[in-house]
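S.K.: Structure provided below as structure tokens; questions to follow.
Numbering (the numbering used here), first residue to last: 506 to 871.
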């Protein structure tokens with residue numbers, strides 16, 4: 506469907522000119538395509554503004570006619586002007602109306618141009634930015650020094666001279682040492698390590714799903730002691746619109762907290778595998794868990810929209826269950842045990858964060 510046809514259909518839908526079958530089909534399109542839904546909302550508001558201006562202009566014209574009629578009948582006193590004085594009078598009297606009309610015309614032109622541009626086909630993911638982080642040489646040297654000190658203290662098995670070049674965030678999904686992050690964070694990696702306050706460990710890729718942008722990792726270091734249990738659970742259901750959410754990740758050298766809400770059920774360009782969230786997200790946040798107030802992971806942060814501040818996207822958490830089932834069927838010895846119940850539901854947010862942060866890791870890749 507062309508851009509102009511889409512605008513025409515939107516206007517017919519708003520004005521109630523569609524037959525019942527067309528209206529049902531269009532409403533299904535609104536549900537499946539977030540851009541069309543947003544276009545309907547914007548165009549409805551736009552038409553309302555135009556109608557209000559038209560009604561106001563008719564009212565002004567009616568007042569002027571009544572004023573002229575009363576003046577002609579002598580019911581009211583009204584000075585009559587002629588020649589150049591009348592031209593100046595009319596200009597001064599109606600220049601405000603003319604300015605408003607010109608402004609409306611300009612807004613109309615710009616709005617239609619913007620709507621057409623919004624619906625114009627563009628290269629897929631052209632405005633989608635993955636949030637894996639690239640380390641500079643200075644950052645690498647600083648991390649190397651910190652890693653050497655930490656290695657002396659904890660004697661783990663991570664080679665301190667390993668030059669990590671990119672990274673993101675990952676979080677534990679099984680107490681035995683299984684983590685999840687985004688596929689784009691570890692794609693093509695030769696070596697992968699994770700790090701937080703507990704220590705630094707080498708990991709291996711167990712499963713990678715580039716279509717869903719999910720990777721399952723396993724800690725291979727002998728020094729890793731495991732966890733007793735996880736404080737959060739992995740939800741099998743999609744999040745609800747307007748649900749408050751928060752995340753912990755590593756856009757910096759320390760864990761960073763952000764909060765927001767779920768703003769759309771689908772992700773970038775109507776992607777049904779993900780959802781849209783309103784939250785602050787930066788490079789290094791790829792792989793961060795999206796957690797609701799009940800302590801359930803509902804998504805994995807994987808990108809943001811480059812031309813819109815605060816719009817980020819997350820792969821739906823329910824796919825972690827599907828992938829873990831696939832791993833169990835392929836290799837029962839590597840069965841992943843996902844926690845079904847959250848132990849932090851009902852707690853204050855700062856207490857939830859305190860209990861979760863030791864399960865969130867910086868992922869480093871070369």
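From the three backbone atoms N, C-alpha and C, an ideal C-beta is built for every residue, glycine too.
Taking a contact to mean a Cβ-Cβ separation below 7 Å, would you say residue 719 touches residue 708 in this structure?
M.R.: no
S.K.: Quick check: the stretch 744 to 757 against the stretch 784 to 792, are there 3 or more CB pairs under 8 Å?
M.R.: yes
S.K.: Determine whether the beta carbon atoms of residue 863 and residue 703 lie at a separation below 7 Å.
M.R.: yes
S.K.: Opposite residue 706 in the DSSP bridges: which residues?
M.R.: 699
S.K.: I'd like to check one pair, residue 868 with residue 685: are the Cβ atoms closer than 7 Å?
M.R.: no
S.K.: Across which residues does DSSP place residue 820 in a beta bridge pair?
M.R.: In the DSSP assignment, the residues bridged to residue 820 are 779 and 805.
S.K.: Starting from the Cα of residue 793, find the closest Cα among 841, 861, 831 and 852 and give me that residue.
M.R.: 861
S.K.: By the three-class DSSP mapping on this structure, what secondary structure does residue 766 have?
M.R.: strand
S.K.: Going by DSSP, which residues form a beta bridge with residue 722?
M.R.: 684 and 710
S.K.: What is the DSSP secondary structure of residue 756, reduced to helix, strand or coil?
M.R.: coil
S.K.: Is any non-hydrogen atom of the ligand FAD found closer than 6 Å to the C-beta of residue 782, if you look at the structure I gave you?
M.R.: The model on display carries no ligand, and the ligand FAD is accordingly not part of it.
S.K.: When we look at the beta-carbon of residue 747 and count the other beta-carbons within 10 Å, is it buried (16 or more) or exposed?
M.R.: Exposed is the call here.
S.K.: Alpha carbon to alpha carbon, how far is residue 764 from residue 797?
M.R.: Cα-Cα distance, rounded: 10 Å.
S.K.: Output the boundary residues of the beta strand (DSSP E) element that contains residue 836.
M.R.: Premise fails: residue 836 is in no beta strand (DSSP E) and is neither H nor E.
S.K.: Just how far apart, CA to CA, sit residue 841 and residue 679?
M.R.: Going by the C-alpha atoms only, they are around 6 Å apart.
S.K.: Residue 741 by DSSP, collapsed to three states: which one?
M.R.: coil
S.K.: Closer than 6 Å by C-beta to residue 732: which residues in its own chain qualify, once you throw out the five before and the five after it? Chain order, please.
M.R.: 680
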